[in-house]
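Residue numbers for the sequence shown follow this note's numbering, so the first one is 49 and each next one is one higher.
For glycine and all other residues, C-beta sits at the position ideal for the given N, C-alpha and C.
Just so you know, these numbers come straight off a predicted model, no measurement behind them.
One structure is given below, encoded as C-alpha cells.
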Amino acid sequence: MSVEERPAVETRPEWAALAQHRDRLGKTSLRALFAADPGRADTLTAEVDGLLMDYSKNLLDAEVVQALVDLAEASGVRERTEAMFRGEPINITEGRSVLHVALRAPRGTRIEVDGADVVEQVHEVLDRMAAFAERVRSGRWTGHTGRRIRNIVNIGIGGSDLGPAMATQALMAYGDPSLTLRFVSNVDGADIATAVRDLDQSETLYIVVSKTFTTLETLTNARTARRLLLEALGDEAAVGKHFVAVSTNADEVRKFGIDTDNMFGFWDWVGGRYSMDSAVGLSLMLSIGPDNFRAMLDGFHAMDEHFRTAPFAHNLPVLMALIGIWHNNFHGAQTLAVLPYSQYLARFPAYLQQLDMESNGKRVGLDGRPVQVETAPVVWGEPGTNGQHAFFQLIHQGTKLVPCDFIGFLRPVQGQLPDHHDLLMANFFAQTEALAFGRTADEVAAAGVPPEQVTHRVFPGNRPTTTLLGQSLTPYALGQLVALYEHKVFTQGVIWGINSFDQWGVELGKVLAGRIADELVAEDPPALAHDASTNALIGRYRKAAGR
Ligand code: F6P
C-alpha cells in the first residue's frame, strides 16, 4: 500500500497502543524510571560513528520505544525512504524527486532521474566549485583591478542563506582567516549596508544564491551590490570578476547580467532548505576549502547510509523523530528547544527552524484532506550556556512542557581553550540532570530553605531532554548532524502523512507584498481594497513618506 493510500495515522492500532502506553506511564517520574531500571541509560542510548544519542531522560521506557518503532514500521517509513533514495517523485505537489542524498553520494554511485545519472552531475559541479575555490583562495582569481579577493558576500535568503551562514560559522575554526565572509539576506537595506560598509569593493566577491533567481529580497540586494561595485570601480566589465551565481535558473542568471560561465548549478530535486551541501555551499567551500567541504559531505553520507540501513530501534534519525512524535502527539508539547553547547553552532537553531517548520508545518495530508493530528513543533533555541541565563527558567519551572535537544562535544574544536570547554560541558551535563530529576520539597527543606520559600525553590523535574554527544565539531561531524535532522524531519513527515518538500504557505504573503509594494509608491493615491486595518496602515505609511 502506498503512503498516500494508508489510513490516517490516528486511526491505526499502533497510534492507539501509544495512547495506552501514555496512560500506563501516567504520572511515573523519570526518578522512578531510573530507580526501577539501573540499565536504563545503556538501553536508551544509540550511537553511530562517534555520535551518541542518549534519550533515557525522556518520558518513555523500552516498551514505548518498541511501540514507536511499530508505528514507524506501519507508517511506511522504510518504503518511503527507499522511494526517496531511488529518486521517485515523492514531492507530489510539485512533481519532483527529493534527492539531497545524491549531493553527498560518493563518485561512482548511480542515482537516476529521468534516465540521467545525477551523481555524475553532482560531482561535475563539485569539481568546478573546488577549482574555483582554489583559484580564489590561492589568489589566482583576482578582482577587476588585479587585487586579491579578501571578502566574500553571500546574497541569498532562506535555504540560500541559512545553511551556508550556519555552516560557515560552525566551521569557522577550519576557515581561512584571511577571508572575511558576510551573509546578506534581509531586504531591509540595513543588512547589505552594514555588511559591506567596511569592505573594499575591489577585493569583494559577491555570490548571488537563489534556486529560482526570482526572489525579491535576493535580487534587490544583488542589484544594490552591483550598484555599489560599479560606483566604486566605475566599469561594467568589473561584474564578471566580482559576481558569481548559484542557481537552477540559467535564464534568469543571464538576464541579471551574470555570465553563466560564472554560474554553479543545482537541480529542482534539491529543496532550498536541503541545499547547503550543493553549490549553495560555495561560500562555505571558499572559507574552509574543498577538502574540508568533502569531509563534511562524507559525514552527511555516513548518516544517510545509517538512516537507510540501520534497524529502527538503533536508527538515530528514526528514534529522534519518534521521540518528537511521542512528545508532540501524546504529551501535547508544542515546541522543541534545540540547545547547542557550542558557540560555533549559534545559527543551528535558526537553520533547523526552516528545515523543520517549512518542511512539516503543514495541515493537509498527502491525500489532500486535513490532518487530524499535530504536525511540526515550533523549533527554537540558543547556544548554551547563554540560554541558561535567559529562558531556562521557564523550561525548569514554567507551566509548559518544552522537550529539548542538548548538543555537545567531548573535545573543544582544535583543542581550543580546554578549561572553558570543561565549564561549558559541566553546564551541559548539569542542565539535563536538573531538568530530569529536579529537586523535591524535602530536598529543598533539607538544604535549610525557610518553609515559606520551599515551594518556590522546588524543581518538578520530569522535563524531557535528548542528549547528542559528538567527539568534536569537525566538518564530518557537522555533516552527520545536519543529515540527522534532515532525516528526522523526513521520518516525521512520513508518519504524519504530509508532504515535507513543498512550501505553499509562503506564497500568499509574497503575492500581497508585491501588490502593496506598488501601492506604497504609487504617485496618485491608489484605491486600497484590503481590510480596514491594512488600508489604514498603508495610508499612514504613504503619509509619512509624503505621498
Ligand atoms: O519563500 C520561501 C523560499 O522559497 C524558501 O523555500 C527558499 O529557501 C527561499 O524562499 C529562497 O528561495 P530562492 O533560493 O529561490 O531564492
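Contact between F348 and S390 does not hold, since their C-beta atoms are separated by about 19 Å, which reaches or exceeds 8 Å. Secondary-structure assignment with DSSP links S295 through a beta bridge to G313.
Of the other Cβ atoms in all chains shown, 16 or more fall within 10 Å of the Cβ of E265; this residue is therefore buried. Three or more beta-carbon pairs separated by less than 8 Å are not found between the region 360-367 and the region 403-410, which leaves the two stretches without contact.
Secondary structure of V502 (DSSP, three-state): helix.
For W428, the enclosing beta strand (DSSP E) begins and ends at 426-428. Ligand 1 never approaches R188 closely enough for any of its heavy atoms to be under 8 Å from the residue's Cβ.
When the five nearest sequence neighbours on each side are left out, the beta carbons in the same chain lying within less than 8 Å of the beta carbon of T514 are those of M101, D102, Y103, K105, N106, M368, I371, P451, C452, D453, F454, in order along the chain. In the three-state scheme derived from DSSP, where H, G and I count as helix and E and B as strand, A122 is classed as helix. In terms of Cβ geometry, V287 and R274 form a close pair [threshold 9 Å]. Cα atoms of I255 and G204: separation of roughly 8 Å, rounded to the nearest angstrom. Nearest in C-alpha terms to V294, of all of A94, L277, L278, V318, is V318. Classified as buried, Q217 has 16 or more neighbouring CB atoms from the shown chains inside 10 Å of its CB.
Looking only at Y392, A577, V492, T480, the smallest Cα-Cα distance to H469 is reached by Y392. DSSP places Y254 within a strand segment (E or B) once states are collapsed to three. Only residues of its own chain outside the window of five on either side were considered, and among them V502, R505, V506 have a CB closer than 7 Å to the CB of V492, listed in chain order. In the DSSP annotation of this structure, the continuous segment of the beta strand (DSSP E) that includes E95 starts and ends at 93-96.
R321 has its CB nearer than 8 Å to a heavy atom of ligand 1.
Closer than 8 Å to some heavy atom of ligand 1: that does not describe the Cβ of Q391. By the Cβ test, the region 545-554 is not in contact with the region 527-535, since fewer than three Cβ pairs between them sit closer than 8 Å. Remark: the shortest separation between the CB of F549 and any heavy atom of ligand 1 does not fall under 8 Å. Counting only unbroken stretches of 4 or more residues, the alpha helix (DSSP H) elements lying wholly within the region 205-235 are 210-218, in sequence order. For G207, the closest of D339, T93, K259 by C-alpha to C-alpha distance is K259.
Here H171 is actually not in contact with Y322; their C-beta atoms are around 18 Å apart, not less than 8 Å. When secondary structure is reduced to three states using DSSP, P508 falls in the coil class, being assigned neither helix nor strand. Per DSSP, the continuous beta strand (DSSP E) segment holding F457 begins and ends at 452-457. Proximity of the beta carbon of Q519 to ligand 1 is not indicated: no heavy atom of the ligand is located closer than 8 Å. Collapsing the DSSP output to three states places E127 in a helix. Counting along the chain, N376 sits inside the alpha helix (DSSP H) bounded by residues 364-378. A heavy atom of ligand 1 is found nearer than 8 Å to the CB of E406.
Counting every other CB atom within 10 Å of its CB across the protein chains shown gives K303 a total below 16, marking it as exposed. Going by beta carbons, L277 and F291 fall inside the 9 Å limit. Remark: the shortest separation between the CB of Q445 and any heavy atom of ligand 1 does not fall under 8 Å.
According to the DSSP assignment, I200 belongs to the beta strand (DSSP E) that extends over 199-203. Classified as buried, P512 has 16 or more neighbouring CB atoms from the shown chains inside 10 Å of its CB.
At the C-beta level, L73 and D118 stay beyond 9 Å of one another.
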